[in-house]
Amino acid sequence: MADAYANVVVGSKLKLKGASKKKKKNNKSKELVSLSGSMKAEEEESALTEAERKYKRRRAEKEKEEIKKEVKTSHREKVERLNAKLANLTEHNDIPRISAAGNG
Numbered sequence: 031m032a033d034a035y036a037n038v039v040v041g042s043k044l045k046l047k048g049a050s051k052k053k054k055k056n057n058k059s060k061e062l063v064s065l066s067g068s069m070k071a072e073e074e075e076s077a078l079t080e081a082e083r084k085y086k087r088r089r090a091e092k093e094k095e096e097i098k099k100e101v102k103t104s105h106r107e108k109v110e111r112l113n114a115k116l117a118n119l120t121e122h123n124d125i126p127r128i129s130a131a132g133n134g
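Position in the sequence shown counted from 1, then plus 30, gives you this note's numbering.
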């Protein structure tokens with residue numbers, strides 16, 4: 031019986047796939063990435079035409095207005111608005127009821 035277990039290795043740890051030591055991140059690389067990102071944004075702005083700049087500016091203002099509008103409404107008002115919208119929809123898109131009793 032001892033011969034059956036002669037090839038068993040004792041004392042080694044179980045090796046799992048993907049379980050590797052975590053590498054320490056370098057803070058200098060983050061600073062370089064953030065600096066290069068800001069440079070890219072400036073280059074991108076200079077490459078835009080006047081109309082594109084106006085469009086981006088107006089779009090940002092419109093998004094801010096929409097966010098302010100949504101913040102003002104409470105959850106209850108949002109639910110009531112959704113229910114009113116659903117009540118006005120036609121019943122054409124409703125899922126028909128299916129039962130075994132009426133299938134003849």
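Heads up, the beta-carbon is just placed ideally off N, CA and C, and yes, glycines get one too.
Close Cβ partners of residue i (< 8 Å) along its chain, the five nearest in sequence each way excluded
{"i": "alanine 81", "result": "none"}
{"i": "arginine 83", "result": "Glu75"}
Contacts around residue i, its chain only, beta-carbon distance under 7 Å, and the 5 residues preceding and following it disregarded
{"i": "threonine 79", "result": "none"}
{"i": "glycine 48", "result": "none"}
Beta carbon proximity, residue i to chain C, threshold 8 Å
{"i": "lysine 45", "result": "Given the protein chain composition of this structure (a single chain), no chain C is represented."}
- request: Return the chain-ordered ranges of every alpha helix (DSSP H) run that is complete within the segment 69–107 and spans a minimum of 4 residues.
  value: Entirely contained in the segment 69–107, the alpha helix (DSSP H) runs reaching 4 residues are, in chain order, 80–102.
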